[in-house]
Every structure is written in C-alpha cells, then in structure tokens.
Amino acid sequence: MNNAHSVSFGPYTFHRDQRLVSKTGQPVPLGGRALDILAILLETPGQFVSKDTLIGRVWPSSVVEESNLRVHIAALRRALDGQRYILNEPQRGYCFVAPSPVPSPRLRHNLAARLSPVIGRDELLGSLVRRLGGQRLMMLTGCAGIGKSTLALALAERVLPRYRDGVWWLDLATVQAPNRLLDYLSETLHLQPCVGAHALCEQLAARQLLLVLDNADLLLGACRHLVHTLQARAPQVSVLLTSRETLQVPGEWVHHVPRLALPTSADRGGVEQAMLYPALQLFVARVRAGQQGFVLRSEDLAPLCDICRRLDGIPLALELAAAQVEALGIRGLQKQLHNGVQVLRRGRRTAVERHQSLTAALDWTYQRLSLPQRWLFLQLALFKSAVTLPALTELVAGTELAHADLAYLLARLVAMSSLVVEPGPGPRRYRLLNSVRSYALAQLRDPLQVARLQQGYGHYLGPFSGRPFVLQLVEQAAHAD
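Under this note's numbering, the first residue of the sequence shown is numbered 131, with each subsequent residue one higher.
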C-alpha cells in the first residue's frame with residue numbers, strides 16, 4: 131500500500147507523517163538518522179543514492195565520516211530483517227529494493243501506531259468508550275496541548291471492533307483549504323471523487339464506520355457542513371472530532387478534556403504518594419524514556435510539584451519540560467520556568483511542528499484570535515488570579531477596550547479554549563492558565579510583537595489611536611510576575 135502518507139513493503143509500513151516504521155501494526159524501534167536514510171531511499175526505490183548524497187542530506191550541517199553512515203545503514207538492515215531491502219554497490223551507493231507485492235486484507239483503519247502508553251486517562255477512556263456506543267457525534271475539546279489528539283487516538287483504537295467498515299483518521303492540519311476537505315476524505319476512504327458533500331455521503335450511505343476529524347477548529351465551517359450532511363444521508367457513520375472550539379450543531383456531545391491531576395500545595399506526602407498523580411507519572415515516564423536509570427529523589431519532589439503546577443498539568447507542557455531535565459536537572463528546570471515557558475522548545479522530532487514547543491502550540495491559537503480578542507487576552511495576562519467582568523470593566527475604563535463588548539469577547543475566548551472559568555459561587559471568574567499567561571506576558575515583552583500589535587491596533591481603530599493603550603499594557607507587563 132503506497133499513498134502520500136505511507137509506503138508498505140512486506141510486513142512493514144513507513145508512515146511519513148509520523149516518521150515511524152511499523153511491522154504488522156507494531157512500531158519498529160529506529161533512531162532518527164536511520165529514519166532519515168530510509169525516507170531518502172524510499173523517494174526513489176530501485177535507484178542507487180550515492181553515499182555523499184545521503185551524508186549531505188542526513189547531516190547537512192556537520193562533517194561526518196562515512197563510517198557513521200554505515201552504522202545507521204546496519205541498524206536499518208537489522209530492524210528490517212537483513213539486507214534484502216537495502217542493497218549496496220561500492221561505486222554507486224545504496225538502493226532500496228521492495229519485494230514482490232503480496233495480496234493483503236482490506237484495511238479497516240489508518241490509525242498511527244502508538245509509541246508510548248496513554249497516562250492518566252484510563253477512567254476517562256472507559257467512560258468515553260461507553261458513551262460513543264450510543265453517540266453519533268462526539269467532540270473532544272480543550273486548550274492547546276491538553277491531549278485531545280492522544281485521547282482520540284486511544285479511543286479510536288478501543289472502539290475499532292465495533293465498526294464493520296473501520297475507523298478512519300483525518301488530520302485536518304494537513305488540509306490546505308476548506309474546499310479540499312472532501313478530496314482528502316475521498317482519498318482516505320478510497321471513494322470516487324465527488325463534487326459536493328451530498329454525492330460523497332451517498333457513497334457512505336451503506337457503510338458503518340467512524341470518522342475521526344482531528345484539529346477540526348482549523349476547518350470549522352467545512353466540518354459543520356460535512357457533519358450536517360452525514361447526519362442526514364449516512365446514518366451509520368459516526369464522527370469523533372478534536373477541536374479547540376465546538377461545532378455547535380444538533381446532536382453534538384461535547385467533552386472538555388481535563389488537565390492531568392497534580393498535587394496541591396497542601397499535599398505533603400512522599401515520593402510514593404506523589405506518584406499517584408497522573409501529572410507526575412507522565413513527567414517521570416518521559417524523563418525515563420530519554421534518561422535511563424532516572425530516579426525521582428525525595429529532595430526533588432517539591433520543585434517537581436511546583437513545575438507541574440506551573441504547567442497546569444497540561445500533557446504537552448509536561449512532556450516538553452521532561453525533555454529538559456537531562457540538561458538542566460529538576461531544580462534548574464524549575465528556575466528556568468520562573469522566567470517563562472520559552473524554555474519548553476525542544477520536543478520529539480516526530481511531533482508535528484505545532485507540538486514541538488509550547489510556544490508553537492500557543493502561537494497556533496493566538497494567531498487565530500481576532501484583534502479585539504488578542505487585546506483582551508493580553509490584558510488578562512496582567513491578572514495573576516481570576517478576575518470578574520465588573521473588575522475587568524473598571525480596569526479598561528478610558529481605553530479603547532471600554533467600547534468593546536467584553537462579555538462577548540470573554541465568552542469567545544472561553545469557547546476557543548484560551549480562557550478558563552474558575553468554579554465557585556457568585557459572578558463568573560475568568561483566568562488564564564499559568565503557562566498561557568506566561569506566553570501572553572512574553573508577547574507584551576517582545577518589541578517585535580508590540581510593534582505588530584500597535585500596527586494592528588492603528589489599522590483597526592485609526593492611526594495612533596491604540597498606541598497609548600498598547601504602551602500601557604507593555605508597561606504593566608514589565609512589572610507583572
């Protein structure tokens with residue numbers, strides 16, 4: 131099976147997007163360089179690629195001996211059961227040779243192979259599995275990095291046996307424009323090309339399957355139209371979506387993915403008790419994955435709990451922080467996080483770009499806010515604790531935001547998973563999560579971002595009208611902790 135996203139040879143499949151090789155559905159352990167080499171050889175199967183070309187592309191910024199290449203070729207051959215896939219001729223280089231294709235059973239899914247277990251979600255997964263049994267339309271929503279896609283993949287794996295015609299994953303972040311959604315769906319499900327959603331859904335009318343639309347917020351309007359049509363014309367098709375914003379269509383069941391549980395400042399238990407919390411479990415598991423023999427010491431427990439609280443129990447933030455422990459140590463990482471989340475820059479090479487740093491994940495959200503939403507988002511960063519609408523109204527008196535519909539803007543930020551509502555009686559209290567607040571303050575402390583904000587403000591409200599307000603925000607951000 132060859133398509134734009136994967137190449138199969140024998141029992142193996144190379145998943146281009148995930149940079150992963152699987153064997154009969156199970157991941158094959160391979161290093162990053164070996165995967166780079168395989169990807170290059172698979173670009174031109176049957177043709178030799180010179181050693182110099184391989185070295186130049188795999189190590190573009192380094193001087194590398196030919197022996198390094200041989201080491202990774204050997205590792206690749208061992209992982210792929212010998213030399214039958216990769217040939218070598220001294221003067222010509224290396225060549226990928228696929229065996230004769232053999233018939234394979236019709237695929238029932240295109241789910242990526244899992245590389246690591248899902249931590250802290252067992253009870254939630256069980257309830258979602260039961261709920262999906264009687265639900266045709268389910269939405270998993272939440273803030274950047276909360277683990278919507280991870281949860282959706284685990285859920286899809288568990289319910290696969292229920293669907294006669296399989297479970298099919300569509301990453302909408304790879305779709306260039308709304309009018310390409312139907313083409314992508316047709317290609318994934320091996321349907322005939324269609325002009326519109328009605329014609330496409332006619333082909334699905336007799337099929338019993340689950341569609342997983344990941345990152346639906348990027349194509350919200352197109353997804354809404356597709357779901358409406360599926361509901362009317364394909365009664366056996368169920369849809370699971372992940373999004374930072376809900377579709378708001380009839381029959382949609384929404385679950386807000388929670389943060390991982392973490393110790394409160396009042397908890398005084400030892401390491402064993404602390405490791406009952408999923409946030410710490412995930413952090414330690416990711417540290418151990420990159421640092422063999424890591425042991426959580428009792429003296430590191432307090433700073434680690436502080437790290438987890440600063441990162442709000444957000445899985446992506448915890449994973450990125452864990453990747454820094456080998457270089458910084460627990461206490462060094464805690465100190466760096468006092469200066470903001472910019473330290474969380476190095477993630478897994480296999481992750482999509484927006485998940486390779488926390489800043490990239492938050493940029494993804496921030497860039498999709500309207501100008502008034504951005505200004506309010508940045509204003510909220512000046513509050514270390516939760517704030518009510520009356521208090522916020524009083525604060526912005528005399529600025530351009532005084533003329534905005536603050537209640538509407540707050541509701542939109544909540545709906546887009548950029549702002550949380552604190553539980554409790556009385557007026558609604560709004561708060562940015564710690565990591566999100568740190569990101570917003572960094573925007574106000576970056577001269578380039580401030581210049582863009584001033585330019586956007588002036589364009590929106592007239593020349594120079596926003597300058598005093600922007601400078602006021604910047605001055606206040608400089609003294610915010």
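Glycine included, each C-beta is placed from N, C-alpha and C at the ideal position.
(Q) Quick check on the DSSP output: the beta strand (DSSP E) that includes C435 runs from which residue to which? (A) On the sequence shown, residue 435 is found 305 positions in, with the first residue counted as 1. Segment L431 to R440 is the alpha helix (DSSP H) holding C435; no beta strand (DSSP E) there.
Q: Determine, using beta carbons only, whether L499 and L488 come nearer to each other than 8 angstroms.
A: Position 369 of the sequence shown, counted from the start, is the residue given in the question as residue 499. Position 358 of the sequence shown, counted from the start, is the residue given in the question as residue 488. No. Outside cutoff.
**Q.** Nearest residue (CA-CA) to R238, options K181, Q338, L165 and C438
**A.** As a working note, residue 238 is residue 108 in the sequence shown. Of the candidates K181, Q338, L165 and C438, the one whose C-alpha sits nearest the C-alpha of R238 is Q338.
Q. Which ranges would you report for the alpha helix (DSSP H) in the region 137 to 180 if only whole runs of at least 4 residues count?
A. 162 to 173
(Q) Here's the rule: buried if 16 or more other CB atoms are within 10 angstroms of the residue's CB, otherwise exposed. What is H202? (A) Position 72 of the sequence shown, counting from 1, holds the residue named residue 202. H202 should be labelled buried.
Q: Kindly indicate which three-state DSSP category D295 falls into: helix, strand or coil?
A: Start at 1 with the first residue of the sequence shown, and residue 295 comes out as number 165. In this structure, D295 counts as coil in the three-state DSSP scheme.
Q) Cα-Cα, which of A432, P380, V357 and H386 is closest to T394? A) Taking the first residue of the sequence shown as 1, we reach residue 394 at position 264. The candidate whose alpha carbon is nearest that of T394 is A432.
Q: Spell out a yes or no on whether the region 325 to 339 and the region 289 to 298 are touching, meaning 3 or more CB-CB pairs, one atom from each, closer than 8 angstroms.
A: yes
Q: Using 10 angstroms around the beta-carbon of T174, count the other beta-carbons present and answer buried if the total reaches 16, otherwise exposed.
A: Mapped onto the sequence shown, residue 174 falls at position 44. Exposed, by the Cβ-count rule.
Q | Own chain residues within Cβ distance below 7 angstroms of P190, not counting five before or after | A | For the purposes of this step, residue 190 is identified with residue 60 of the sequence shown, where counting begins at 1. Taken in chain order, the list of residues that qualify is empty.
(Q) One question on the structure: do F139 and A204 come within less than 8 angstroms of each other, judged by their Cβ atoms? (A) Stepping through the sequence shown from its first residue, residue 139 is reached at position 9. Stepping through the sequence shown from its first residue, residue 204 is reached at position 74. Taking 8 angstroms as the Cβ cut-off, F139 and A204 do not qualify as a contacting pair.
**Q.** Reference A274; option with closest CA among D430, L254 and W494
**A.** The residue given as residue 274 occupies position 144 in the sequence shown. Ranking the options by Cα distance to A274, first place goes to W494.
**Q.** Straight-line gap, R146 to R567 (C-alpha atoms, nearest Å)
**A.** Along the sequence shown, read from residue 1 onward, the residue named residue 146 stands at position 16. Along the sequence shown, read from residue 1 onward, the residue named residue 567 stands at position 437. Looking at the backbone, the Cα of R146 and that of R567 are separated by about 35 angstroms.
Q: My understanding is that R266 touches Q361, with C-beta atoms under 8 angstroms, so please give their C-beta distance in whole angstroms.
A: Sequence index remark: in the sequence shown, residue 266 carries index 136 (1-based). Sequence index remark: in the sequence shown, residue 361 carries index 231 (1-based). Between Q361 and R266 the Cβ distance is about 7 angstroms, and since that is below 8 angstroms, they are a contact.
**Q.** Best match in T304, Y314 and A242 for proximity to L285 [C-alpha to C-alpha]
**A.** Here residue 285 corresponds to residue number 155 of the sequence shown, with the count starting at 1. Of the listed residues, the one whose Cα sits closest to L285 is A242.
Q. Between which two residues does the alpha helix (DSSP H) carrying V357 extend?
A. On the sequence shown, residue 357 is found 227 positions in, with the first residue counted as 1. Start and end: L350 to R363.
Q. Which whole runs of the alpha helix (DSSP H) in the region 492 to 575 are 4 residues long or more, in chain order?
A. If one requires a minimum length of 4 residues, the alpha helix (DSSP H) runs lying completely within the region 492 to 575 are 501 to 510, 519 to 525, 536 to 545 and 564 to 574, in chain order.
Q) What's the gap between the Cα of D344 and the Cα of M546? A) Position 214 of the sequence shown, counted from the first residue, corresponds to residue 344. Position 416 of the sequence shown, counted from the first residue, corresponds to residue 546. Their Cα atoms are separated by approximately 15 angstroms.
(Q) Can you tell me whether P555 is buried or exposed? The criterion is at least 16 other CB atoms within 10 Å of its CB, across all chains shown. (A) Looking up residue 555 in the sequence shown gives position 425. Label assigned to P555: exposed.
Q. Of the choices P408, R461, A516 and Q579, whose alpha-carbon is the least far from that of E559?
A. Taking the sequence shown and counting its residues from 1, the one referred to as residue 559 is at position 429. At residue 559 the sequence reads Arg, which differs from the Glu that was named. If we check each option's Cα against that of R559, A516 comes out closest.
Q. Cα-Cα, which of L168, L172, Q177 and G176 is closest to R200?
A. Your numbering for residue 200 matches position 70 in the sequence shown. Ranking the options by Cα distance to R200, first place goes to L168.
**Q.** Length-filtered (4 minimum) alpha helix (DSSP H) runs lying within the region 257 to 304
**A.** 278 to 289
Q: Would you mind reading off the limits of the beta strand (DSSP E) that contains H386?
A: The residue labelled residue 386 in the question sits at position 256 within the sequence shown. Counted as a single uninterrupted DSSP element, the beta strand (DSSP E) harbouring H386 occupies residues W383 to H386.
Q. When every heavy atom of the ligand NAD is checked, does at least one fall within less than 7 angstroms of the C-beta of H239?
A. For the ligand NAD, the structure offers nothing, since it holds no ligand at all.
Q) DSSP state of N309, grouped into three classes? A) Position 179 of the sequence shown, counting from 1, holds the residue named residue 309. The answer is helix: DSSP assigns N309 an H, G or I state.
Q) Is DSSP giving P235 helix, strand or coil here? A) Counted from its first residue, the sequence shown places residue 235 at position 105. Confidence is the limiting factor: at P235 the pLDDT is only 49, short of 50, which leaves the residue's position unreliable, though a coordinate-based value still follows. If DSSP states are grouped into helix, strand and coil, P235 belongs with coil.
Q: Using a threshold of 8 angstroms, state whether the C-beta atoms of A364 and L334 are closer than that.
A: If you number the sequence shown from 1, residue 364 lands on position 234. If you number the sequence shown from 1, residue 334 lands on position 204. Cβ atoms of A364 and L334: closer than 8 angstroms.
Q: For my contact list, H386 and G277 are in at a C-beta cut-off of 8 angstroms; report their separation, rounded to the angstrom.
A: Counting from one through the sequence shown, the residue named residue 386 turns up at place 256. Counting from one through the sequence shown, the residue named residue 277 turns up at place 147. With 8 angstroms as the limit, H386 and G277 do not qualify as a contact, their Cβ atoms being about 12 angstroms apart.
Q: Assign C225 to one of three DSSP states: helix, strand, or coil.
A: As a position in the sequence shown, residue 225 is number 95, starting the count at 1. Strand.
(Q) Please report the distance separating the alpha-carbon of P235 from that of D442. (A) Position 105 of the sequence shown, counting from 1, holds the residue named residue 235. Position 312 of the sequence shown, counting from 1, holds the residue named residue 442. Because P235 carries a pLDDT of 49, less than 50, the predicted location of this residue cannot be relied on, and the following value inherits that uncertainty. Spanning the two alpha carbons is a distance of roughly 45 angstroms.
Q: Would you be able to state if there are at least three C-beta pairs under 8 angstroms between the region 345 to 354 and the region 315 to 325?
A: Because the criterion of three Cβ pairs below 8 angstroms is not met, the region 315 to 325 and the region 345 to 354 do not touch.
Q.
Rounded to whole angstroms, what is the Cα-Cα separation between A511 and A409?
A. For this step, residue 511 is matched to residue 381 along the sequence shown. For this step, residue 409 is matched to residue 279 along the sequence shown. Separation of A511 and A409 (C-alpha to C-alpha, rounded to the nearest whole angstrom) is 24 angstroms.
Q | Three-state class that DSSP yields for L371 in the structure shown | A | Residue 371 sits at position 241 when you count from the first residue of the sequence shown. Looking at L371 - three-state DSSP - the assignment turns out to be strand.
Q | Nearest-angstrom Cα separation, counted from A452 out to R251 | A | Taking the first residue of the sequence shown as position 1, residue 251 is located at position 121. Taking the first residue of the sequence shown as position 1, residue 452 is located at position 322. C-alpha separation (whole angstroms): 19 angstroms.
Q) On the premise that R207 lies in contact with I216, defined as a C-beta separation below 8 angstroms, what is that separation, rounded to the nearest angstrom? A) Reading the sequence shown from its first residue, position 86 is the one you call residue 216. Reading the sequence shown from its first residue, position 77 is the one you call residue 207. That pair is a contact at about 6 angstroms.
Q. Going by beta carbon distance, what residues of the same chain come within less than 6 angstroms of P141, once the five residues before and after it are set aside?
A. Reading the sequence shown from its first residue, position 11 is the one you call residue 141. Answer for P141: K153 and T154, listed in chain order.
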